[in-house]
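In the working numbering, the protein residues as written are 63 to 211.
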């Protein structure tokens, strides 16, 4: 093998120099193999991470869809509850109006009955007074007739 020496001349390389150069090439080759292995390992790890992320993304997408369906169902239930609440509020208003109407009607009838009772009481009192006066006249007449007998 022809190699340049330090003096710049070409000559036969010593066996030591050749072994040194072979060692350098071997070291370079081993470094390259180690770097390639490290890169392959890193690539494999990144591919596993990517698969994990894809699986996680699929799972989260499923959860998102389930949440959207649940949210839609809850929204529909809320809407139905609002409609039912509105209907019940309307019925309550109708019932309250009916209670007011009946209460006013009962109060009116109670006032009328109270008026009738007072009227009947006055009539009864007047009748009692008339009866009492008739009894007095009758007693006076009886008293006047007793001496005649």
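The beta-carbon is built from N, C-alpha and C at its ideal position, and this holds for glycine as well.
Remember, it's a predicted structure, so these values are computed and weren't measured experimentally.
Does residue i have its Cβ less than 8 angstroms from a Cβ in chain B?
i, result
"residue 79", "Here there is only one protein chain, and chain B is not present."
Considering only residues of the same chain and omitting the five flanking positions on each side of residue i, which have a CB-CB separation below 8 angstroms?
i, result
"residue 182", "none"
Which runs of the beta strand (DSSP E), 3 residues or longer, sit entirely within the segment 146 to 200?
Segments of the beta strand (DSSP E) lying fully in the segment 146 to 200: there are none.
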